[in-house]
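Presented below is the structure to which this report refers.
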Amino acid sequence: MSNTSVATNKKRLMITLPTELTEQMDTKARELGLTKSGLVALAIQNLFNAEEIRLHQHQQKQ
């Protein structure tokens with residue numbers, strides 16, 4: 002597995018998380034074959050996608 006990211010435009014984000022959460026992230030990232038950074042990026046993208054779907058569904062109801 003390569004450490005080279007697919008994304009070419011990247012910004013560094015430093016955050017502090019509770020130990021319990023980082024331990025859960027370690028486990029999930031290993032299960033998915035991702036780094037913790039990759040897992041966070043995937044989770045954020047999924048949140049954005051869910052919000053976009055929710056907004057689209059709301060617009061269709063109107």
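Everything in the sequence shown is counted per the numbering used here, starting at 2 for the first residue and increasing by one.
Backbone N, C-alpha and C fix where the C-beta goes; we use that ideal spot for every residue, glycine too.
L22, DSSP secondary structure in three states: helix
As assigned by DSSP and simplified to three states, the class of T28: helix
Classify K37 as helix, strand or coil using the three-state DSSP reduction. helix
Going by alpha carbons, who is nearest to E21 out of M15, L14, K29? K29
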